[in-house]
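K.L.:
Going by our numbering, the sequence shown opens with residue 75, and the numbers climb by one from there. Sharing a structure, written as structure tokens. Questions coming.
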Amino acid sequence: MKFWTFFLDLIYPKVCVNCGKELNDTYWCQSCLKKFWNPRMIQMSQTKDLSGCYTLCNYVEGIRKVIIQLKYNGRSDRRYVFPELLSDFPWWNRLESCSIAIPIPLAKKRFQQRGYNQTDLIFQEWLEKMGKKYISDGLVRTRNTETQSLLSKDERYENMRGVFHVNHGIKIEGKSVLLIDDVYTTGATMNVAAHELKRNGATTVVGLSLASGAS
């Protein structure tokens, strides 16, 4: 088996998913990693419903390229490049109180087009290994919305108003919830979702995103 793995590595060497540099045992070269790796609590993310949002990366070239491939180009195999980033996140201990993880859901039409929620592919397996109860259908969308990237900050909040509901039968009362999304931009989506979770009895909602353009 070791020989076969070695043979495959010779024929198909592992390369950086951004720049193509040949590597030994990682998907990201240090040069690319330095351009986007910036784990932090997003300063603007704390609101009455959301107790802040952590993020791992700046949403810049490199990580952005791979997220776009996953979301819009059908590259579901890109899920395999994220665990090594998640394993290096320095503040998992701050999320220990969150026993439940719930992703931001896609609109039904968009889910049917992609065949998956990219946030599930990025986070679900890893969070379950960390002992979180991952409820992929914890939130549902009540209607389709305009693409957020085309809207101003105020328009984003209006676009998302009342769009989420806690799924029937999901019990979150008295629980601390980790709310997951792939990218945090203005916080409109996550805040509206957090409000719905709190309205249904969640004691605390903390956000976690893979990347963000916010400081």
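Heads up, the beta-carbon is just placed ideally off N, CA and C, and yes, glycines get one too. Please read all numbers here as calculations on a predicted model, not as lab measurements.
1) Which class does H269 belong to by DSSP, given the choice of helix, strand or coil?
2) According to DSSP, A175 sits in a beta bridge with which residue or residues?
3) C106 by DSSP, collapsed to three states: which one?
4) So which of R138, K139, A262 and K122 has the shortest CA-CA distance to S226?
5) Could you check if I116 is buried or exposed, using at least 16 other CB atoms within 10 Å of its CB as the buried criterion?
6) Hey, how far is the Cα of C172 from the Cα of I178?
7) Between K108 and H242, what straight-line distance do the alpha-carbon atoms span, to the nearest angstrom?
8) For V140, which three-state DSSP category applies?
9) Is T216 buried or exposed, if buried means 16 or more other CB atoms sit within 10 Å of its CB?
10) Between which two residues does the alpha helix (DSSP H) harbouring S161 extend?
11) At which residues does the beta strand (DSSP E) containing R215 begin and terminate?
12) Check the C-beta distance from A267 over to L201 and give it rounded, since I have them as a contact under 8 Å.
13) Between the C-alpha atoms of I246 and N274, what's the straight-line distance to the nearest angstrom?
14) Who are L282's beta bridge partners in DSSP?
15) Going by the C-beta, is R273 closer than 7 Å to any heavy atom of the ligand NAP?
16) Is the beta carbon of N92 less than 8 Å from the beta carbon of V140?
17) In whole angstroms, what separates the C-alpha of G287 from that of N112?
18) Please list, in chain order, all residues of the same chain as K206 whose beta carbon is under 6 Å from its beta carbon, the five residues on each side excluded.
19) Using the rule of at least 16 other Cβ atoms within 10 Å of the residue's Cβ for burial, across every protein chain shown, is R152 buried or exposed?
P.N.:
Result, derived from the coordinates:
1) helix
2) Y208 and L252
3) helix
4) A262
5) buried
6) 16 Å
7) 43 Å
8) helix
9) exposed
10) P157 to S161
11) L213 to R215
12) Not confirmed; about 17 Å, so no contact.
13) 7 Å
14) Y128 and I254
15) Ligands are entirely absent from the displayed structure, and the ligand NAP is therefore not among its contents.
16) yes
17) 11 Å
18) A175
19) buried
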